Amino acid sequence: MHSSAPENPLIIFIHGWRSTSASIEDRALWFVEKKWNVVLLELPGHGQSSPLHRWNAITSAEHIGFHLRNIRTYISVSEPAPVFLYGHSMGGYMCSRLSSQQTEPLGFNISGVIMESPLTLYSHILDEICKHLRIPKILRSMHLKRLYRDVQMMHPEIVATDSLQQFDVPEWGLPDAPMLCLQSMNDNRLGRAHYDALVLHAGEDYALTHHLIESLTHSGARKNTEREHLLLAWLESFDSLLL
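Residue 4 is where the sequence shown starts when you use our numbering, and the numbers rise one by one after that.
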């Protein structure tokens with residue numbers, strides 16, 4: 004966490020699936036140098052963050068949502084200060100949910116959402132897990148039913164279906180705030196499908212700016228000149244930001 008003047012913009016970072024907040028430290032320092040207030044949130048149950056005995060995507064979003072609703076107990080930020088979310092990979096998936104109408108109000112307005120090579124299709128992750136575990140296709144419907152049973156133990160309001168469509172965009176949630184998607188052109192972790200789904204479903208109904216970046220890798224890109232140039236150009240479209 005870095006605290007600047009309370010009236011300065013605040014940006015909140017959420018890291019990816021197998022990483023930790025340390026992996027996005029250099030991205031955060033870019034904003035620190037511009038006198039922004041910066042908070043890095045650990046994604047519970049992922050990477051080197053605190054383990055959870057039982058968790059799912061909704062549980063993770065609820066944990067992050069709790070911290071967002073109480074953000075002013077961690078850092079001094081005035082009410083009018085612009086607030087941005089920045090999520091990498093799984094962090095982008097969380098940001099999409101938390102800035103949408105699918106979650107309870109956070110108590111403040113989100114000025115913009117930045118998603119870097121985001122996960123948007125949880126169903127694709129399940130397919131990947133099934134292939135890794137060598138679960139035959141004929142048994143995958145049974146595996147899905149067991150998955151829903153686990154989810155419903157924690158979230159009985161969830162209705163079990165024969166797919167994970169409710170965990171994919173757009174049903175999972177798309178930000179109501181302006182979005183910037185900075186996508187690795189040759190994403191060796193998630194591929195292009197998640198980016199394509201975001202662009203497709205955002206359509207003309209959402210304020211989405213998106214870029215495919217050839218020099219950007221999915222992981223390990225602590226610094227990237229092209230990414231930072233596009234980020235700066237997008238932020239300059241907002242009024243009264245420190246840039």
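Just so you know, even glycine gets a beta-carbon here, dropped at the ideal spot from N, CA and C. Because the structure is a prediction, the values reported are computed rather than measured.
query: Leaving out the 5 sequence neighbours to the left and right, which residues in its chain are closer than 6 Å to Gly-176 when beta-carbon positions are compared?
result: Sequence index remark: in the sequence shown, residue 176 carries index 173 (1-based). Once the five neighbours on either side are set aside, the close Cβ partners of Gly-176 are Ser-99, Arg-100, Ser-103 and Gln-105.
Helix, strand or coil at His-158 [DSSP, three-state]: Working through the sequence shown from its first residue, we reach residue 158 at position 155. If DSSP states are grouped into helix, strand and coil, His-158 belongs with coil.
- request: Report yes if the CB atom of His-197 is closer than 8 Å to the CB atom of Pro-83, and no otherwise.
  value: If you number the sequence shown from 1, residue 197 lands on position 194. If you number the sequence shown from 1, residue 83 lands on position 80. Pairing His-197 with Pro-83 gives a Cβ-Cβ distance that is not under 8 Å.
message: Below 8 Å on the Cβ atoms is my contact criterion, and I expect Asn-227 with Leu-219 to pass it. Report the Cβ-Cβ distance as a whole number of Å.
response: Against the sequence shown, residue 227 aligns to sequence position 224. Against the sequence shown, residue 219 aligns to sequence position 216. About 5 Å; that satisfies the 8 Å criterion.
task: Kindly indicate which three-state DSSP category Leu-122 falls into: helix, strand or coil?
output: Locating residue 122 in the sequence shown gives position 119, counting from the first residue. In this structure, Leu-122 counts as coil in the three-state DSSP scheme.
query: DSSP state of Leu-177, grouped into three classes?
result: Reading the sequence shown from its first residue, position 174 is the one you call residue 177. Correct three-state label for Leu-177: coil.
query: Near Leu-245, what residues of its chain come up, given a Cβ to Cβ distance below 7 Å and the 5 sequence neighbours on each side ignored?
result: Translated into the one-based positions of the sequence shown, residue 245 becomes position 242. Within the same chain, Asn-11, Pro-12, Lys-37, Lys-38 and Trp-39 come within 7 Å of Leu-245 by CB-CB distance, once the 5 residues on both sides are set aside.
- prompt: Does the stretch 154 to 166 come close enough to the stretch 74 to 92 to have 3 or more Cβ pairs within less than 8 Å?
  reply: Contact between the stretch 154 to 166 and the stretch 74 to 92 is absent, because fewer than three Cβ pairs lie under 8 Å.
message: Once DSSP output is grouped into helix, strand and coil, what is the label at Met-182?
response: Here residue 182 refers to the residue found at position 179 when the sequence shown is read from its first residue. Secondary structure at Met-182: strand, using DSSP grouped into helix, strand and coil.
- request: Compare the C-alpha of Ile-14 against each of Ser-26, Glu-28, His-127 and Phe-34 and name the closest.
  value: On the sequence shown, position 11 is the one that residue 14 refers to. Among Ser-26, Glu-28, His-127 and Phe-34, the Cα nearest to that of Ile-14 belongs to Phe-34.
field: Supposed contact pair Cys-184 and His-204 - C-beta distance, whole angstroms, cut 8 Å
entry: On the sequence shown, residue 204 is found 201 positions in, with the first residue counted as 1. On the sequence shown, residue 184 is found 181 positions in, with the first residue counted as 1. At roughly 12 Å, the Cβ-Cβ gap does not stay under 8 Å, so His-204 and Cys-184 are not in contact.
- prompt: Going along the chain, which unbroken runs of the beta strand (DSSP E) with 3 or more residues stay wholly within the stretch 32 to 99?
  reply: Whole beta strand (DSSP E) segments, 3+ residues: 40 to 44 and 86 to 91.
task: Please classify Met-157: is it buried, with 16 or more other beta-carbons within 10 angstroms of its beta-carbon, or exposed?
output: Counting from 1 along the sequence shown, the entry for residue 157 is found at position 154. Label assigned to Met-157: exposed.
field: Classification of His-135 by the beta-carbon crowding that lies within 10 angstroms, buried from 16 upward
entry: Residue numbering aside, residue 135 sits at position 132 when the sequence shown is read from its first letter. Exposed: under 16 other Cβ atoms inside 10 Å.
query: Nearest to Phe-16 by CA position, among Leu-32, Leu-43 and Asp-199, is which residue?
result: Against the sequence shown, residue 16 aligns to sequence position 13. Nearest C-alpha to Phe-16 among Leu-32, Leu-43 and Asp-199: Leu-43.
field: Three-state secondary structure (DSSP) of Asp-199
entry: Residue numbering aside, residue 199 sits at position 196 when the sequence shown is read from its first letter. Of the three classes helix, strand and coil, the one that applies to Asp-199 here is helix, per DSSP.
field: Per DSSP, the bridge partner or partners of His-5
entry: Along the sequence shown, read from residue 1 onward, the residue named residue 5 stands at position 2. Val-41, per the DSSP bridge assignment.
When Asp-242, Arg-195, Lys-148 and Ser-6 are compared against Gln-186, the one with the closest alpha-carbon: Walking along the sequence shown from the start, residue 186 turns up at place 183. When Asp-242, Arg-195, Lys-148 and Ser-6 are compared, the shortest CA-CA separation from Gln-186 is found for Arg-195.
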